[in-house]
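Shown next, in structure tokens, is the structure this report addresses.
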Amino acid sequence: MSEPVFVRLDGVTRQWNGAGGVRDVSLEVPRGAFVAILGPSGCGKSTLLRLLAGLETPEAGRIEIDGREVTHLPPAQRGLSMVFQSYALFPHLNVRENILFGMKVRRVSRDAREAALARATKMTGLEGLERRKPAELSGGQRQRVALARAVVSGKPLCLMDEPLSNLDAKLRHSVRRDIKALQRQLGLTVIYVTHDQTEAMSLSDTIVLMRDGRTEQIGPPEALYHAPATPFVARFIGDPPMAVVDGAALGVAAHPVGIRIEAIERVPLNEADIEAEVVETEYLGARTQVLLHHPAAEGLALILPDRVPLPPGTRLGLRLPQEHRVRFAADPHRNHAPHPPLPGDRDGHVADPNPNTHPEDQA
Amino acid sequence: MTDSTRQLQQMARRRQAVHGWLLLSPALIMLSTFAFYPSVATVWTSLWSRGTRRNPSEFVGLENYQRLLDDPTFREVAWNNLLYAGVTIPVSIVLALVMALWANAKIPARGFVRTAYFTPTMLPMIAAANIWLFFYTPGFGVLDTIGGLFGAPSVNWLGQPETALWAICAVTIWKEAGFFMVFYLAALQTIPEDLREAAQIEGASRWTYLRRIVLPLLMPTTLFVLVNALINSVKLIDHLFILTKGGPSDSSKLILYYIWESAFAFFDAPSAAAMTVLVLIVLGVGAAVQFRMLDRRTHYR
Ligand SMILES: Nc1ncnc2c1ncn2[C@@H]1O[C@H](COP(=O)(O)OP(=O)(O)OP(=O)(O)O)[C@@H](O)[C@H]1O
Ligand SMILES: [Mg+2]
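Heads up: the protein sequence lines correspond to chains A and B, in order. Heads up: the first sequence begins at 612 in this note's numbering, then just goes up one per residue. Heads up: the second sequence begins at -19 in this note's numbering, then just goes up one per residue.
Shown next, in the form of structure tokens:
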């Protein structure tokens, strides 16, 4: 990250009666980066974005954009655009008027407006729809109008709040690619809120994982995937996420230990690190996923080649190879995580534990 | 096809027709008795002369209308009603909109403000008129008492031709604005908050947001309120009975009051009927024009 810092948050706090919101968030975003803010529902992602946009005012802390302190500036003076989760298109204006609303308000000359409109509709594939009202568009087209409205005036920073959550899975993938292409093409700095870890992994250079209003880990997707800082991150990132085992059960110190499912091996009981009980087997064609239960472990599963019939209740010996273990410090607030994520819980589709699949490829 | 089957089919069809008419009859009877018949009877009556014992009524065509146009009282009353509509409609609508915008904003005691604005609407017009009668009473009425504190002379608001109509207008506006506000308030609450935020991020001032986003989205409500206000400007005369009875010297008399007077005080049914027909025509044309004009610029969601 040799690029200069473009957006800087410093100890930003905004809460309601001492609850909710975000607490003491610090973050640095280089110019041209694609940052995903990821976390379970209610962790403060939207609040953080609205603080950046100027739709909320922080109680404490400092916000800088492009080297300028903007903590108390109104939204319009921060040089940014925003895509809302609900799109927030003006229902009585047609596509063209929606896209040009801001430029018209700012009294941009007619020629400049027309040129910008032509560019934005071309980039978002909206040509020919300029005269339609939002109600006459499909969900994906509305989404594109919202995107076009955000990029048309060339603001260098674009904030997006779960822009794909109203689209069906297929459309989500195609618009996702469009957003990424648009960001590269225009050199935008994008801060993108999502609760979908696949989306965050595939789109961003940096992920900010949030929990209960605080940042849990900030780093590139690989770092969060391979070296999660806390068991919370381990349980949130990846599909399926890591299994987390209490170190005491493995005969090491009483700290949590994380391991990716695909690294767990089945061994005879007498050589095993731990013994677990089969809960259920899922036959997936090329392999079988065995869901396992152990009193000191969470999200434990095993992947076996081909079809392996294992009645529930069977006891299996497992080896957790040293080189794949991730040791965590004791997790103080493990018990009040709002939603302990389960495999496949965050994305709406069933866990697909293919050991060869890198999360980036899971389109 | 044999004769008998054709007969059977015919019978079935006839039975169906009877069935249909039976289903239609309650609405048809009600509407005929209470809407169609009176309308037609009114038009019919307006074409006949006023009958007395010596010369019975006879068909006179449009003579009643001609007589109306020559009647100075009718002309004054029509002019009064135009003024009345011209003042009460725009003022009560603008006031309703302003109050709704205010009551919809994040202000302290919002519930109280809304209730306070709505209270006049819940009062019957007669009760409202009595309250205002107390406001207007010369000498010890509220207005005079307040005026007196600042040394203003006593004014007989309802008793002089220059002020009577305006005093009536004030009561109507007071009564209607709260009613219209409720519609605006309901409409405002359907406008999602993120439209305001989107406009804010685009750099729109509050005024621009109001003018370019809120007002257009309120257009259907405005249209509805406008038609209601137009009808009320003719229909709402209960307070005249309490406050001025149209006086002094017809200065606050409105058309419907004059129609009532003609029919039930002067027993001149044909002239009352002719006026009613004129009013209906004007109202019908007015509503049609409003719908046509505004419909083109109205966005229905
Ligand atoms: N205006 C507000 N008044 C009171 N509490 C609020 C307000 N806005 C947000 N909160 C609280 O702050 C917390 C974070 O809310 P936020 O909307 O940022 O969550 P989120 O991470 O965007 O969740 P989601 O993924 O469901 O959109 C929640 O507990 C919420 O109840
Ligand atoms: Mg949110």
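Quick reminder that beta carbons are idealized off the backbone N, C-alpha and C, glycines included.
Strictly below 7 Å CB to CB, what residues from chain B border residue i?
{"i": "R717(A)", "result": "G183"}
{"i": "A664(A)", "result": "I181"}
{"i": "G713(A)", "result": "E182, G183"}
Run the CB neighbour count on residue i, radius 10 Å, all protein chains shown included, and call it buried at 16 or more, exposed below.
{"i": "G665(A)", "result": "buried"}
{"i": "A586(A)", "result": "Examination of residue 586(A) is not possible in this model, given that chain A is present from 612 through 974 alone."}
{"i": "P686(A)", "result": "buried"}
{"i": "R55(B)", "result": "exposed"}
{"i": "T95(B)", "result": "exposed"}
{"i": "K975(A)", "result": "There is no way to answer for residue 975(A), as the model of chain A reaches only from 612 to 974."}
{"i": "D604(A)", "result": "Nothing in the structure corresponds to residue 604(A), since chain A is present only between 612 and 974."}
{"i": "T125(B)", "result": "exposed"}
{"i": "V205(B)", "result": "buried"}
{"i": "P651(A)", "result": "buried"}
{"i": "M10(B)", "result": "exposed"}
{"i": "W187(B)", "result": "exposed"}
{"i": "D917(A)", "result": "exposed"}
{"i": "W137(B)", "result": "buried"}
{"i": "F847(A)", "result": "buried"}
{"i": "Q796(A)", "result": "exposed"}
{"i": "H703(A)", "result": "buried"}
{"i": "T99(B)", "result": "exposed"}
{"i": "M569(A)", "result": "It is not possible to answer for residue 569(A), since the shown part of chain A is limited to 612 through 974."}
Hey, could you find the ends of the alpha helix (DSSP H) residue i is sitting in?
{"i": "T143(B)", "result": "141 to 169"}
{"i": "T202(B)", "result": "199 to 215"}
{"i": "V40(B)", "result": "No alpha helix (DSSP H) holds V40(B); DSSP gives it neither H nor E."}
{"i": "G91(B)", "result": "90 to 102"}
{"i": "D850(A)", "result": "Neither: D850(A) is in no alpha helix (DSSP H) and is coded neither H nor E."}
Is there a Cβ from chain B that is less than 8 Å from the Cβ of residue i?
{"i": "S720(A)", "result": "no"}
{"i": "S692(A)", "result": "yes"}
{"i": "A908(A)", "result": "no"}
{"i": "A585(A)", "result": "With chain A covering only 612 through 974, there is no way to say anything about residue 585(A)."}
{"i": "P949(A)", "result": "Reliability of the predicted coordinates at P949(A) is poor, the pLDDT of 41 falling under 50, and no value is obtained from them."}
{"i": "P879(A)", "result": "no"}
Is the separation between the beta-carbon of residue i and that of residue j shorter than 8 Å?
{"i": "V646(A)", "j": "S815(A)", "result": "yes"}
{"i": "L737(A)", "j": "R755(A)", "result": "yes"}
{"i": "A887(A)", "j": "H905(A)", "result": "yes"}
{"i": "G53(B)", "j": "D230(B)", "result": "Before going on, a small fix: residue 53(B) reads as Thr here, not Gly. In contact: T53(B) and D230(B) (Cβ atoms closer than 8 Å)."}
{"i": "V623(A)", "j": "L662(A)", "result": "yes"}
{"i": "L929(A)", "j": "I885(A)", "result": "yes"}
{"i": "Y116(B)", "j": "A83(B)", "result": "no"}
{"i": "G690(A)", "j": "L770(A)", "result": "no"}
{"i": "L649(A)", "j": "H806(A)", "result": "yes"}
{"i": "P842(A)", "j": "F939(A)", "result": "yes"}
{"i": "R753(A)", "j": "Y803(A)", "result": "no"}
{"i": "G751(A)", "j": "V801(A)", "result": "no"}
{"i": "T658(A)", "j": "V694(A)", "result": "no"}
Within 8 Å (strictly less), CB to CB, does residue i reach chain A?
{"i": "L175(B)", "result": "yes"}
{"i": "A178(B)", "result": "yes"}
{"i": "M273(B)", "result": "no"}
In terms of residue numbering, what span does the beta strand (DSSP E) encompassing residue i cover?
{"i": "V868(A)", "result": "867 to 870"}
{"i": "H904(A)", "result": "898 to 904"}
{"i": "F617(A)", "result": "616 to 627"}
{"i": "E886(A)", "result": "885 to 894"}
{"i": "G828(A)", "result": "One point to set straight first is that residue 828(A) is Gln, not Gly, in the sequence displayed. Per DSSP, Q828(A) belongs to the beta strand (DSSP E) from 825 to 830."}
{"i": "F645(A)", "result": "645 to 649"}
{"i": "P641(A)", "result": "630 to 641"}
{"i": "G672(A)", "result": "671 to 676"}
{"i": "Y803(A)", "result": "800 to 805"}
{"i": "I818(A)", "result": "817 to 822"}
Please list, in chain order, the chain B residues whose beta carbon lies closer than 9 Å to that of residue i.
{"i": "P686(A)", "result": "E177, Q180, I181, E182, G183"}
Using a cut-off of 8 Å between C-beta atoms, extract the partners of residue i located in chain B.
{"i": "F695(A)", "result": "D174, E177, A178"}
Give me the chain A residues within the contact set of residue i, using Cβ-Cβ distance strictly less than 7 Å, ordered along the chain.
{"i": "I193(B)", "result": "F701"}
Counting only Cβ pairs nearer than 8 Å, list the residues of chain A close to residue i.
{"i": "T201(B)", "result": "Residues of chain A passing the Cβ test: none, with the nearest at roughly 13 Å."}
{"i": "A188(B)", "result": "Reading off the sequence shown, one finds Thr at residue 188(B), where the question assumed Ala. Within 8 Å Cβ-Cβ: V716."}
Taking 8 Å as the CB-CB cut-off, is residue i touching chain E?
{"i": "A(-8)(B)", "result": "Absent here is chain E; the protein component of the structure consists of chains A and B."}
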